[in-house]
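Trainee: Residue numbers (the numbering used here), protein chains in the order written: chain E, 297 to 493; chain C, 297 to 493.
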DNA sequence: GTTTTTATACTGACTAGTCAGTTCGGAATT
DNA sequence: AATTCCGAACTGACTAGTCAGTATAAAAAC
């Protein structure tokens, strides 16, 4: 499994992911060509098709990979924490993630609300997995009375997810000169205020 | 000015705008072909190029048109109101707008944070105009002490703009069965809580 | 009030170019 | 020896933009 060959191949796939993420975040899926992706990854075009069935499949696996990481970080962040603190930890984890994988976040934001695309179903599913972690936390908070009882769990969870994404990416794109810690503070402030019973 | 010819032409342009908005909202700018737009508008492809210089220019004029409407509604909404009420009026105006032009809102959300696109500069400028109205209101509120003094005007304004957009579109795409009034209420609730000094 | 002219609006086949995906012999890596 | 990658040529479907020609309002001439 981790012999030289598989490692080498994993490395190529990783380089293709990185190249694809950067380009698609900038230009969108359709405007990004497979030739571009191969060139930026420093790889021949044939290699792309040796490693991935198609451009669409490459993108889908990319989404799976990226959101999988995010979901894992969400799970790790809330582990064992009481609801209110878990909520803060989620915001921090999301921003930490966006800071690290800004291009992927930008890509997510741009492709998340699309309809009528081949991979839309995949994206919807993955989004659900990430939000489920948030929803569990919110539900626990509402059940235990630490969060307002009138809070609608599903709405609040997806709103939280989307708002973190939009505020952080907005900052990165339109005010990149500012430290992202400020986003974190103001977002935490907002969430805390809203979470007050 | 309003003879048969100009009216007919205006009508054609309007139909092209509507067709383009719907398709681009669903598929994105690059994935939408000029043939598609023409077909949906019930017009020959040549007509698109008779009325607009290029696909990009059509899109830019569409953005100008759409955001111009939004900015005008913002201006009308805050007119003469004291800061706190003006803030609520802005939220309501934005949601009212999104309810009416949902495809345009979806399109905005998807294309807003792109970089390296020909029309990116235009979009950035237009976004600035809309946010300026929000910023004026927030600034007046901070100056008069009705809003927290530690509120950063620029950040708060763009956050408000983005959050309204993302929450509303998220709702439209992922929970369209719910009445949008509920979004308005919960958004207003959030803004009110955050605005508390 | 009818006919002729003109300007405007539209048409759709056509061109020139692009891009996803294929193919495959050979080179490099393990 | 087997796997992985290279690279370059090729195909076929698709797409932005063009342009010569048509239709039709309104204005001009009769």
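By construction, the Cβ of each residue, glycine as well, lies at the ideal position given by its N, Cα and C atoms.
Tell me which residues share the same chain as residue 452 of chain C and place their Cβ nearer than 7 Å to its Cβ, disregarding the 5 neighbours each side in the sequence.
Mentor: Contacts found: 434.
Trainee: List the whole-angstrom C-beta distance separating residue 491 of chain E from residue 443 of chain E, where the pair is believed to meet the contact cut-off of C-beta under 8 Å.
Mentor: 6 Å between Cβ atoms; contact.
Trainee: Please report the Cβ distance between residue 405 of chain E and residue 462 of chain E, rounded to the nearest whole angstrom; I am assuming they are in contact, meaning their Cβ atoms lie under 8 Å.
Mentor: The Cβ separation is near 6 Å, so the contact holds.
Trainee: Spatial neighbours of residue 373 of chain C within its chain, please: CB distance less than 8 Å, with the 5 preceding and 5 following residues excluded, ordered by chain position.
Mentor: These residues qualify, in order along the chain: 382, 385, 386, 388 and 389.
Trainee: In chain order, what residues of the region 345 to 375 of chain C put their CB closer than 7 Å to some CB of chain E?
Mentor: Listed by position, the residues of the region 345 to 375 of chain C near chain E (Cβ gap below 7 Å) amount to none.
Trainee: Taking all protein chains shown into account, do 16 or more other C-beta atoms lie within 10 angstroms of the C-beta of residue 421 of chain E, making it buried, or fewer, making it exposed?
Mentor: Exposed.
Trainee: Look up residue 475 of chain C in the DSSP assignment and say whether it is helix, strand or coil.
Mentor: It is coil, neither helix nor strand.
Trainee: Which residues in chain E sit within 9 Å of residue 489 of chain C, going by Cβ to Cβ distance?
Mentor: By Cβ distance, chain E contributes 486, 489, 490 and 492.
Trainee: By the three-class DSSP mapping on this structure, what secondary structure does residue 412 of chain C have?
Mentor: Coil at residue 412 of chain C, not helix or strand.
Trainee: Going along the chain, which residues of its own chain have a beta-carbon closer than 7 Å to the beta-carbon of residue 445 of chain E, five neighbours each way excluded?
Mentor: Taken in chain order, the residues that qualify are 438.
Trainee: Could you pull out every residue in the same chain whose Cβ sits closer than 7 Å to the Cβ of residue 440 of chain C, ignoring the five residues on either side in sequence?
Mentor: Cβ neighbours of residue 440 of chain C beyond the five flanking positions: 379.
Trainee: Between the region 318 to 333 of chain C and the region 407 to 421 of chain E, do three or more beta carbon pairs fall short of 8 Å?
Mentor: Yes: the two stretches touch, three or more of their Cβ pairs being nearer than 8 Å.
Trainee: Would you say residue 384 of chain C lies against chain E (beta-carbon separation less than 9 Å)?
Mentor: It does not; no Cβ of chain E falls within 9 Å.
Trainee: Whole angstroms are fine: how far does the CA of residue 399 of chain C sit from the CA of residue 426 of chain C?
Mentor: Roughly 18 Å between the two C-alpha positions.
Trainee: Pick from E:347, E:327 and E:341: whose alpha carbon is nearest that of residue 310 of chain E?
Mentor: Among E:347, E:327 and E:341, the Cα nearest to that of residue 310 of chain E belongs to E:347.
Trainee: Does any C-beta atom of chain E lie closer than 9 Å to the C-beta of residue 311 of chain C?
Mentor: It does not; no Cβ of chain E falls within 9 Å.
Trainee: Taking 9 Å as the threshold (beta carbon to beta carbon), is residue 381 of chain C in contact with chain E?
Mentor: Not an interface residue.
Trainee: Residue range of the alpha helix (DSSP H) that residue 389 of chain C falls in?
Mentor: Unbroken alpha helix (DSSP H) run through residue 389 of chain C: 379 to 396.
Trainee: Output yes if chain E places a C-beta closer than 9 Å to the C-beta of residue 323 of chain C; else output no.
Mentor: Yes, contact with chain E.
Trainee: Could you say which of E:391, E:395 and E:317 lies nearest to residue 360 of chain E if we only look at CA atoms?
Mentor: Per the Cα distances, E:317.
Trainee: Run down chain E in chain order and give the residues with a C-beta less than 7 Å from the C-beta of residue 405 of chain C.
Mentor: Neighbours of residue 405 of chain C on chain E, chain order: 409.
Trainee: Cβ atoms of residue 313 of chain E and residue 358 of chain E: under 9 Å apart, would you say?
Mentor: Contact: yes.
Trainee: Give me the subset of the region 448 to 472 of chain C whose CB atoms are less than 9 Å from a CB atom of chain E, sorted by chain position.
Mentor: So the list reads 448, 450, 451, 452, 454, 455, 457, 458, 459, 461, 462, 463, 465, 466, 467, 468, 469, 470 and 471, given in the order they occur along the chain.
Trainee: Using a Cβ-Cβ cutoff of less than 7 Å, which residues in the same chain neighbour residue 467 of chain E once the five nearest sequence positions on both sides are dropped?
Mentor: Excluding positions up to five away in sequence, the list reads 474, 476 and 479.
Trainee: Under a Cβ-count criterion, where at least 16 other Cβ atoms within 10 Å of its own Cβ denotes burial, should residue 464 of chain C be classed as buried or exposed?
Mentor: Residue 464 of chain C should be labelled buried.
Trainee: For residue 482 of chain C, which residues in chain E fall below 7 Å Cβ to Cβ?
Mentor: By Cβ distance, chain E contributes 451.
Trainee: Please classify residue 353 of chain E: is it buried, with 16 or more other beta-carbons within 10 angstroms of its beta-carbon, or exposed?
Mentor: Burial call: exposed.
Trainee: Whole angstroms is fine: what's the gap from residue 315 of chain C's alpha carbon to residue 432 of chain C's?
Mentor: Their Cα atoms are separated by approximately 34 Å.
Trainee: Could you compute how far the alpha carbon of residue 336 of chain E sits from the alpha carbon of residue 396 of chain C?
Mentor: Rounded to the nearest angstrom, the two C-alpha atoms are 42 Å apart.
Trainee: Given residue 356 of chain C, which residues of its chain have a CB within under 7 Å of its CB, disregarding the five upstream and five downstream residues?
Mentor: Excluding residues within five positions, the ones whose Cβ falls inside 7 Å are 415 and 418.
Trainee: Residue 305 of chain E: buried (16+ other C-beta within 10 angstroms of its C-beta) or exposed?
Mentor: The residue is exposed, with fewer than 16 neighbouring Cβ atoms inside 10 Å.
Trainee: Going along chain C, which residues have a C-beta under 8 Å from residue 428 of chain E?
Mentor: Correct list: empty, because the minimum Cβ distance to chain C is about 13 Å.
Trainee: Is residue 420 of chain C close to chain E? Criterion is C-beta to C-beta, closer than 9 Å.
Mentor: Judged by the 9 Å Cβ criterion, residue 420 of chain C is in contact with chain E.
Trainee: Mind checking residue 482 of chain C: buried by the 16 CB within 10 Å criterion, or exposed?
Mentor: Flag for residue 482 of chain C reads buried.
Trainee: If you run the structure through DSSP and keep just helix, strand and coil, what is residue 406 of chain C?
Mentor: Helix, per DSSP.
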